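Protein chains: 2
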Amino acid sequence: LNTASILVNGRPRRTVDVLDRGFQYGDGVFTTIAVRAGIPLFLDRHLDRLQRDCAAVGMPWVGKDTLLREVEQVLTNQGDGVLKIQLTRGVGGRGYRPPASVAPTRVIALHPSVSYPASHEQDGVVVRLCSTPLGINPCLAGIKHMNRLEQILARSEWGDSDYAEGLMFDQDDQLVEGTMSNVFLVRDGRLLTPVLDRCGIQGVMRSILIEAARGLGFEVYECRLTAKELERADEVFLSNSVIGLWPVRRVEGRAYEIGSITRRMREWLKTSTQQAISAGFPG
Amino acid sequence: LNTASILVNGRPRRTVDVLDRGFQYGDGVFTTIAVRAGIPLFLDRHLDRLQRDCAAVGMPWVGKDTLLREVEQVLTNQGDGVLKIQLTRGVGGRGYRPPASVAPTRVIALHPSVSYPASHEQDGVVVRLCSTPLGINPCLAGIKHMNRLEQILARSEWGDSDYAEGLMFDQDDQLVEGTMSNVFLVRDGRLLTPVLDRCGIQGVMRSILIEAARGLGFEVYECRLTAKELERADEVFLSNSVIGLWPVRRVEGRAYEIGSITRRMREWLKTSTQQAISAGFPG
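Residue numbers (this note's numbering), protein chains in the order written: chain A, 5 to 287; chain B, 5 to 287.
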């Protein structure tokens with residue numbers, strides 16, 4: 005990545021202040037967006053979630069117009085990639101206490117596309133169960149914030165490429181999400197996904213798929229799920245904004261078919277993505 | 005702060021790479037050290053904890069000699085202040101997954117002294133109870149890591165200066181610590197402090213005071229404590245490496261005397277601090 009691909013507070017550079025609260029405390033929020041043919045997919049929804057997440061951690065909102073302008077600038081003449089927007093509480097304050105007047109730092113970075121095997125989407129992935137638990141904290145639940153050590157420890161549990169993802173459980177053994185994705189189960193024709201009111205990240209792709217599934221006439225339940233429900237599921241799939249949707253073909257020893265609902269959702273997403281690309285910026 | 009007060013990987017500067025995992029994910033650990041007359045107090049213990057914390061999050065240790073050299077460089081000709089050492093997992097990796105070969109980033113920054121009222125140490129402080137809970141996660145418990153949003157949200161609960169600190173409870177209503185300090189209760193002549201095996205930070209000053217109290221012949225128990233034990237305590241005090249020891253004279257509606265054990269520990273720390281200053285670098 006050269007400096008041209010990163011804007012910090014609107015200026016091309018690739019450094020931030022050591023004293024930025026993002027670096028001091030992970031005091032910020034972020035989102036990660038797939039870019040196809042220069043179009044940031046579902047950008048509006050990502051900006052909406054950023055705004056919600058800023059409110060949730062008590063940070064002022066920098067404004068959609070500013071972000072739209074800077075995203076467009078970073079994406080000029082770019083093809084495919086991954087766009088990451090970070091908003092931090094900026095520099096200042098006394099220890100953990102935020103400053104009286106917050107000037108958020110915004111970092112907009114275009115990264116190269118991540119090259120996952122095409123088979124992940126086509127034939128499904130093998131997933132493991134992580135032993136690192138997610139702490140329960142309703143104050144932070146759902147927010148895509150910059151405190152991500154739990155995911156890092158979980159992702160450090162395995163190094164081989166046999167596993168494409170690991171599933172995480174909370175301190176009460178409830179299934180929550182993958183280290184970088186949300187998870188859906190299908191059982192008796194209905195979709196089930198963990199309710200994220202105590203921990204986990206409310207993925208933009210998760211919301212898109214929930215709405216889409218309901219639009220297609222499926223029942224979707226956000227609920228408490230355990231390893232038992234995972235074991236009993238007819239189908240399992242993962243989602244995030246960069247990978248889209250990956251069917252799961254195995255979780256540890258348990259194999260799954262890529263069933264009709266997973267295929268239907270994958271097809272819907274493919275079409276929807278094409279429409280977003282055709283619609284052009286801001287996608 | 006000018007650049008002379010900060011070293012990043014041994015060089016005077018005040019920026020870090022946007023892609024540093026410390027800024028991306030809060031993927032690092034830190035410690036905060038009181039500096040008196042150019043001497044970093046209890047430096048050895050801080051470096052020991054840093055080393056333990058690096059191991060706990062799976063980061064390579066940068067080495068004591070390197071840190072000692074750089075700390076000495078930052079402190080040259082300095083008087084009082086607060087020294088913060090941050091060690092992050094550096095740049096690289098694919099998403100949350102750490103890179104195969106980690107080159108940690110080290111940031112050594114000398115901040116001006118924090119000017120708390122002298123009465124805090126002398127006459128005690130008024131403390132509130134925070135509603136922001138601490139999530140329980142044994143994998144992260146005790147570690148002074150850079151994921152500190154819980155403390156920030158808790159510290160954002162109040163803005164007036166009536167309260168010097170706020171106490172935090174975990175998701176199971178167990179007393180854990182202050183937003184920036186550890187907490188000790190005295191009951192029937194014994195010291196009680198929350199056991200930090202599920203959340204919280206193992207403060208260097210906390211360890212020092214536990215050892216010192218035992219050395220002075222007091223019984224010290226690390227145990228599970230609730231609001232009830234707090235209410236029933238004869239004495240309460242707070243500790244961290246920068247404030248030293250603050251007696252608590254009130255928690256919400258409950259008043260406390262500055263009792264004999266609190267006074268004894270405060271006296272011990274004063275003497276011990278003077279000895280550390282006299283002993284000179286590395287303190």
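Don't be surprised by glycine CBs; every beta carbon is placed ideally from N, CA and C.
Treat the numbers as computed from the prediction; the structure is a model and nothing was measured.
- [ ] Would you mind reading off the limits of the alpha helix (DSSP H) that contains residue 222(A)?
- [x] Where residue 222(A) is concerned, there is no enclosing alpha helix (DSSP H), given that its DSSP letter is neither H nor E.
Open item on the list: If we require 4 or more residues per run, which alpha helix (DSSP H) segments fall completely within the segment 215 to 274 of chain B?
Closed with: 231 to 236
TODO: List in chain order: all unbroken alpha helix (DSSP H) runs of 4+ residues lying wholly within the segment 53 to 82 of chain A.
DONE: 68 to 79
- [ ] Give the residues from the segment 110 to 122 of chain B that approach chain A closer than 8 Å (Cβ to any Cβ), ordered along the chain.
- [x] 111, 113, 118
Task: Three-state secondary structure (DSSP) of residue 47(A) - done: helix
Task: Neighbour-count burial assignment, residue 41(B), 16 or more Cβ in a 10 Å radius - done: exposed
Task: Proximal residues, the segment 143 to 174 of chain B versus chain A, C-beta separation under 7 Å - done: 143, 144, 149, 150, 151, 152, 153, 154, 155, 156, 157, 159, 160
- [ ] Could you check the C-alpha separation between residue 129(A) and residue 240(A) for me, to the nearest Å?
- [x] 10 Å
Task: Alpha-carbon spacing of residue 147(A) relative to residue 201(A), whole angstroms - done: 10 Å
Task: Neighbourhood of residue 82(A) by C-beta distance below 7 Å, restricted to the same chain and skipping five residues each side - done: 39, 42, 114
Task: Selection of the segment 127 to 144 of chain B by Cβ proximity to chain A, strictly under 9 Å - done: 135, 136, 137, 138, 139, 140, 141, 142, 143, 144
Open item on the list: Closer than 8 Å is the cut-off here; do at least three beta carbon pairs connect the segment 126 to 142 of chain A with the segment 193 to 200 of chain B?
Closed with: no
TODO: On a CA-only basis, which of 235(A), 50(A), 64(A), 100(A) is nearest residue 168(B)? Give me that one, please.
DONE: 100(A)
TODO: Report buried or exposed for residue 225(A), applying the criterion of at least 16 other Cβ atoms within 10 angstroms of its Cβ.
DONE: exposed
Task: Counterpart residues of residue 38(B) in DSSP-defined beta bridges - done: 86(B)
Task: Which of helix, strand or coil DSSP assigns to residue 283(A) - done: helix
TODO: Have a look at residue 287(B) and residue 36(A) and give me their C-alpha separation to the nearest angstrom.
DONE: With a pLDDT of 49 at residue 287(B), under the threshold of 50, the modelled position of that residue is not reliable, and no figure is offered here.
Open item on the list: Going by DSSP in three states, residue 199(A) sits in which element: helix, strand or coil?
Closed with: coil
- [ ] Could you tell me which residues DSSP puts in a beta bridge with residue 190(B)?
- [x] 195(B), 239(B)
- [ ] Report the option in 248(A), 184(A), 29(A), 185(A) whose CA atom is closest to the CA atom of residue 155(B).
- [x] 29(A)
TODO: Go ahead and pull the three-state DSSP assignment for residue 31(B).
DONE: coil
Task: Closer than 7 Å to chain A by CB, residue 287(B) - done: Residue placement at residue 287(B) is flagged as unreliable, the pLDDT there being 49, under the threshold of 50; the coordinate-derived value follows with that caveat. So, not an interface residue.
Open item on the list: Helix, strand or coil, according to DSSP, for residue 113(A) in the structure here?
Closed with: strand
Open item on the list: With three or more beta-carbon pairs closer than 8 Å as the criterion, would you say the segment 233 to 247 of chain A touches the segment 172 to 190 of chain A?
Closed with: yes
Task: Close Cβ partners of residue 275(B) (< 8 Å) along its chain, the five nearest in sequence each way excluded - done: none
TODO: Quickly, what does DSSP pair residue 210(B) with across the bridge? List them, please.
DONE: Partner(s): none; residue 210(B) has no beta bridge.
Task: residue 98(B) in three-state terms, based on DSSP - done: strand
Open item on the list: On the DSSP letters alone, give me the boundaries of the beta strand (DSSP E) that residue 171(B) sits inside.
Closed with: 169 to 173
Task: chain B contact residues for residue 20(A), given Cβ-Cβ distances below 9 Å - done: 19, 20, 21, 22, 24, 27
Open item on the list: Could you check whether the Cβ of residue 31(B) sits closer than 7 Å to any Cβ belonging to chain A?
Closed with: yes
TODO: Give me the Cα-Cα distance between residue 44(B) and residue 80(B), rounded to the nearest whole angstrom.
DONE: 11 Å
TODO: Please name the residue in 78(B), 246(B), 152(B), 46(B) whose C-alpha comes closest to that of residue 18(B).
DONE: 78(B)
- [ ] Report the residue ranges of all beta strand (DSSP E) runs contained in full by the segment 124 to 154 of chain A; include only those spanning at least 3 residues, in chain order.
- [x] 129 to 133
Task: Close Cβ partners of residue 248(B) (< 6 Å) along its chain, the five nearest in sequence each way excluded - done: 273
Task: beta strand (DSSP E) segment containing residue 19(B), residue limits - done: 19 to 21
Task: 8 Å contact criterion, which residue 245(B) and residue 199(B) should meet: CB distance rounded - done: Not a contact, Cβ separation roughly 20 Å.
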